[in-house]
Amino acid sequence: MTTETATLIDGKAIAADVRASIKSDVEARLAAGKRAPFLSVVLIGEDPGSASYVRGKHRAASEVGIKTDNLAFPETVSEEELLAVIDRLNRDPEIDGILVQLPLPSHIDDQKIISALSPAKDVDCFHPENVGRLMLGLPGLKPATPAGILELLKRSGIETSGKHAVIVGRSNIVGKPLANMLMQKGVDATVTVCHSRTANLAEITRQADILVAAIGKADFITADMVKPGAAVIDVGINRVEDASRERGYRLTGDVAFDEVSGIASYITPVPGGVGPMTIALMLKNTLIAARFQEQESG
Ligand code: GUN
286 MTTETATLID GKAIAADVRA SIKSDVEARL AAGKRAPFLS VVLIGEDPGS ASYVRGKHRA
346 ASEVGIKTDN LAFPETVSEE ELLAVIDRLN RDPEIDGILV QLPLPSHIDD QKIISALSPA
406 KDVDCFHPEN VGRLMLGLPG LKPATPAGIL ELLKRSGIET SGKHAVIVGR SNIVGKPLAN
466 MLMQKGVDAT VTVCHSRTAN LAEITRQADI LVAAIGKADF ITADMVKPGA AVIDVGINRV
526 EDASRERGYR LTGDVAFDEV SGIASYITPV PGGVGPMTIA LMLKNTLIAA RFQEQESG
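Residue numbering for the sequence shown follows our numbering, starting at 286 and increasing by one per position.
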């Protein structure tokens, strides 16, 4: 066991670099007489977490010159109303990207809404066509959190080729697409996906050269589950009660940061690790969607 402290992967700084490059692309578009990319954000209900994420997305978009609007609906909005809104956004040539913040209320079928999006405007890469394209290794929009994780690994000089990546979590947003991207040609990791029913979890996570925690359980990954020298990527954003904080909670990841940073070679903090990258890569998708829209309108 080593006692050295892992190198911190500064997602905030790397995301700022990604945004700077998006900003210069947006400026080049404007200089060429094109309009600014436009993102429509759909927010349903009053969940404070979702509202806070959405605020962050608007703020980051505005910083890079991407225009946005916020379409907020009460929790009681019907599926039909929402489908009608999406149809209108799909048809509007001035709107490049559409983002429907999840989760949706239980009376609305998430997949029905996602499948109604125009694949070319689906900046989350949640539409079945985009998921299929990703799986086939075809060009197109990439899901923001997994793409952000690959960018963090790349920019930190962490080798993926021939390495064993273990992902804990099998969600449609992170675990499944990330597994796919890590095993694509050119990335070339060997991938294991673990989940809540995995037997002997620690035995498997201890084999990881790259360990990704995406389960949504605070401090779930402890030092005994990590191989010395592994790179540890923490996707979790958990609210835990903390009376010492003014707001009554603090944000913490899926990794027990203090103990794991004593054994890993690299680690992402929460907040300031994967989170800012998700937003930055979603903005990159909006820029790509604006190029699709241009081709569409000739
Ligand atoms: N809810 C949690 N993460 C995400 C995300 O990446 N995109 C959307 N649309 N909703 C989310």
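For glycine and all other residues, C-beta sits at the position ideal for the given N, C-alpha and C.
Remember, predicted model here, so these are calculated numbers, not experimental data.
Could you say which of His480, Val540, Gln492 and Leu486 lies nearest to Thr507 if we only look at CA atoms? Val540
Cβ of Gln386 versus every heavy atom of ligand 1: is any distance shorter than 7 angstroms? yes
Give me the Cβ distance between Gly521 and Gly501, rounded to the nearest whole Å; I'm assuming they're in contact under 8 angstroms. 6 angstroms
Report the three-state DSSP secondary structure of Gly460 (helix, strand or coil). helix
Between Leu423 and the rest of its own chain, which residues show a CB-CB distance below 8 angstroms, the 5 nearest in sequence each way excluded? none
Within the segment 404–464, note down every full alpha helix (DSSP H) run reaching 4 residues or more, in order along the chain. 413–421 and 429–440
Run of the beta strand (DSSP E) containing Arg524, from where it starts to where it stops: Asn523 to Glu526
Helix, strand or coil, according to DSSP, for Lys319 in the structure here? coil
Cβ of Thr563 within 7 angstroms of any heavy atom in ligand 1? yes
Cα-Cα separation, Asp483 to Arg455: With the sequence shown as reference, residue 483 is identified as Thr, and Asp is not the correct amino acid for it. Between Thr483 and Arg455, the C-alpha separation is close to 11 angstroms.
For Leu315, count the other beta carbons within 10 Å of its own beta carbon; 16 or more makes it buried, fewer makes it exposed. Which is it? exposed
Report yes if the C-beta of Ile434 is less than 7 angstroms from at least one heavy atom of ligand 1; otherwise report no. no
The beta strand (DSSP E) spanning Phe358 covers which residue range? Lys352 to Phe358
For the segment 544–560 against the segment 509–521, do three or more pairs of beta-carbon atoms, one drawn from each stretch, fall closer than 8 angstroms, so that the two count as touching? yes
Determine the direct distance from the alpha carbon of Phe323 to that of Ala405, and round the result to whole angstroms. 13 angstroms
I'd like the list of long-range same chain contacts for Ala298, defined as Cβ closer than 8 angstroms, with 5 residues on each side in sequence excluded. none
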